[in-house]
Structure formats: C-alpha cells, structure tokens
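In what follows, a single structure is set out as structure tokens and then discussed.
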Ligand code: NAD
Ligand code: TDX
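Residue numbers (UniProt numbering): 1 to 335.
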C-alpha cells in the first residue's frame, strides 16, 4: 500500500510516520509538508534513508503538485494544518488557507485519482466548550460549535470531507481526537512549553484561573487508532479518539510536571486569559471501542513522565526551535 501523509513533519504526523513504517514495513509513505514553523525534518531522521519513505517539500494548497503526487497513491492521511489556537487568534489567515482551502485541494485530487481512502484528522475543538463540574462528554452526535478561528477552520474542513463523501462518494473517514502529548510536541503547546520552560529555569504561563480541562491522549495511542480506522473503519464514519484522563485541569497538569521536575509551585505564573477560551473538553470514545476494539493504553501519569524524560534527553531538538521567530512569537503572545 502507498500512503500520502500530509503534514508528516509536524508533531502527530511524524509520530504517525515512525509508527507506520515500524508496524507496516512493506508499505510506502510519501510525506508532503510545507515545513512551516511547525514542520521539522529532524523528527524523521531515523527513517530518512528508508527506501519506503519519501519526503516532498510542498504546499497542500498547490493543486498541480497535489494532483501529481496523488496519481499513484492508495490512501491519504491528512494531518497538515495550522494547529495552534493562540496563533489563530493573532492571525486567522493561514488557518483559512491551509485548513480549508488545502483540504479542498486534497479532496479534489483524491477524487480525481480515485484513492481508496481519504482519512481526515480532526479535533474535539470543533464541538466547542463543555461546562465544568458536569459529566457530559462529546460524542459523535454532538453538534458542531467551533469558538476559535482554528476550530472554525477545522470544522469547515470536516464539513467538506463529509460533503465529498456524500455528494461524490469519496471513500472517506474522519477522526476527532483530544489533546495529544508525547515526543516531538512543538513547544508552543501547553505541556511541552511547561516542560521546556521549567528546564530552562523559566516560569510556566497559565491562562486565566487555570481551571480549564482537557482530555490528554498519548500520541502513539492516536496513531494506533488511525491505523485501526484505516484497516477496519467504515466509509463515511466519524470516530472519536480520547485518552485516559478524567477531567484534569491545567493547574493539576502543571503540578504533576512540577513534581516530576522537582520544582516549586512558585514557578506558575498566571497570565491574561485566551479570548474565547473553551472551559472543558471530554471525549466519549465508546464507538471506536465497540466497533473497532480500540482503547487508549498509555496511562497519563506514566507517559507524562516518559514525555518529560524525552524532553530532558532531547534538549538540542527543542533548544534549536526556541530561538529566532519562536522568541518573537513568544514575546507577542505573552507580552
Ligand atoms: P503541527 O502544527 O505540529 O504540524 C502541522 C504540520 O503541517 C507541520 O509539519 C507543517 O509544516 C505542516 N503544514 C502546515 N501547513 C501546510 C501546508 N499548507 N501544506 C503542507 N504542509 C503544511 O500539528 P499537529 O499537532 O501535529 O496536528 C496534526 C493534525 O492533528 C492537525 O490537523 C490538527 O488539527 C490535528 N489535531 C491535533 C491535536 C493536538 O493535540 N496536537 C489534537 C487534535 C487534532
Ligand atoms: O501558555 C499556555 N498557557 C495555558 O494555560 C498555553 C499555550 C496553553 N494554556 C492552556 C490553554 C488550554 O486550556 O492549556 C490548555 C492546552 O492548550 P494548548 O496546548 O494550546 O491546546 P488546545 O488549545 O487545547 O488545543 C490542542 O488540542 C486540540 C491543539 O493545539 C490543537 O491542535 C488540537 O486541535
């Protein structure tokens, strides 16, 4: 089988490529990535010489390029996106372009070249915010209610994928997952930002009251779920992928990281809240469990520790990122 992975130099895409080549060593992967600030080929050093792996530097918004690459592809796994909520609040334009137009370009090429599967990687953020102190979870039947430019652009891309499936019979599947964490996580996101700031002797910026709740999913569990959806998932279906945390808020997450790094709570710095900050996400992953037999396997505490160890061992990786334009962004965001 030959897969086109878009955004394969990003956090989840690179973890997926490493996972796939290990699990399915006879498959071929083409990685199409624009190498924006979030794309990093260092993540893929261990496979760059693998004859079954090919990297193409390019933009998913380029129809000629995408059409040409897709001509001999069986399966598309679409990760490429602008992915950081705070950046979408500073400037929504690249989110509209890549997440909406880029998905449209890929869908057209998938249709034209008759791929056997288009798998779209989406997020729980498209469903908006749940109240605190409730047991309500997002399910595959929850109505869309995106509240940030990022979430709105991902919602639009989900709608396009579904429309192409219904209107043109494009064989597609969608997964909406919760917050991933693990190796190669870009240090603008909460957990890697906290770990790397603390290692550098800096404080951790916590938005608002810090009582915001996310569902945390170890990235390898996510990759395994996509694998199952590709093997056994039903065309036209959406599957939710969630983790093992049970309503843990940002302050609790930080306190765990502080403990594991032997740091004081005085390293928490409350800063201005994110506009439109979604209070709580919680994912019901019963459908994928019942229909495909998937469940998350990586315990949060254990894999948070593993992730911290990874960041301690791979300081060159993130220290090279936390320079230049990253610092300009950091200054603007946390001014
Ligand atoms: P990321 O920001 O780490 O990586 C995105 C990758 O896409 C980068 O390599 C970037 O260079 C590439 N890219 C961006 N624009 C492109 C373009 N126009 N053409 C080609 N490549 C382009 O993102 P991530 O955290 O790995 O997220 C991957 C996907 O998973 C996204 O679609 C995101 O919405 C979704 N998702 C992420 C999470 C999470 O917790 N990180 C949770 C749910 C869903
Ligand atoms: O400095 C920070 N301080 C802080 O308190 C940052 C960067 C975040 N936060 C809070 C905001 C959220 O409540 O931490 C929580 C997690 O924030 P992010 O890491 O920015 O993730 P989130 O906004 O939840 O979105 C993530 O999960 C869903 C990914 O970035 C998205 O790509 C994915 O769709």
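Glycine included, each C-beta is placed from N, C-alpha and C at the ideal position.
Between the alpha carbons of residue i and residue j, how many angstroms are there, rounded?
i           : j           : result
residue 74  : residue 324 : 39 Å
residue 161 : residue 289 : 23 Å
residue 200 : residue 31  : 33 Å
residue 297 : residue 85  : 27 Å
residue 22  : residue 142 : 35 Å
residue 102 : residue 17  : 20 Å
residue 299 : residue 244 : 6 Å
residue 193 : residue 83  : 15 Å
residue 313 : residue 184 : 12 Å
residue 266 : residue 169 : 56 Å
residue 230 : residue 263 : 43 Å
residue 214 : residue 130 : 10 Å
residue 89  : residue 149 : 7 Å
residue 315 : residue 140 : 39 Å
residue 54  : residue 6   : 12 Å
residue 375 : residue 334 : Summary: the structure shown does not reach residue 375, with the chain confined to residues 1 through 335, and so no result is reported for it.
In the structure shown, what three-state DSSP assignment does residue i receive?
i           : result
residue 33  : strand
residue 147 : coil
residue 232 : helix
residue 298 : coil
residue 62  : coil
residue 334 : coil
residue 307 : helix
Of the choices the options, whose alpha-carbon is the least far from that of residue i?
i           : options            : result
residue 311 : 196, 109, 237      : 196
residue 283 : 10, 305, 246, 306  : 246
residue 4   : 28, 123, 23        : 28
residue 239 : 320, 308, 175      : 175
residue 189 : 2, 1, 10, 6        : 10
residue 254 : 291, 231, 228, 305 : 305
residue 337 : 105, 177, 152, 210 : Past the boundaries of the shown model lies residue 337; the chain is included only from 1 to 335, so the question cannot be answered.
residue 126 : 167, 98, 178       : 178
residue 117 : 329, 227, 335, 330 : 227
residue 56  : 42, 34, 87         : 34
residue 121 : 99, 113, 187       : 99
residue 280 : 292, 317, 1, 137   : 137
Classify residue i as buried or exposed, calling it buried when 16 or more other Cβ atoms lie within 10 Å of its own Cβ.
i           : result
residue 134 : exposed
residue 119 : buried
residue 320 : exposed
residue 80  : buried
Which partner residues does residue i have in the DSSP bridge list?
i           : result
residue 172 : 118
residue 2   : 28
residue 205 : 269
residue 54  : 30
residue 123 : 177
residue 217 : 180
residue 76  : 4, 118
residue 138 : 283
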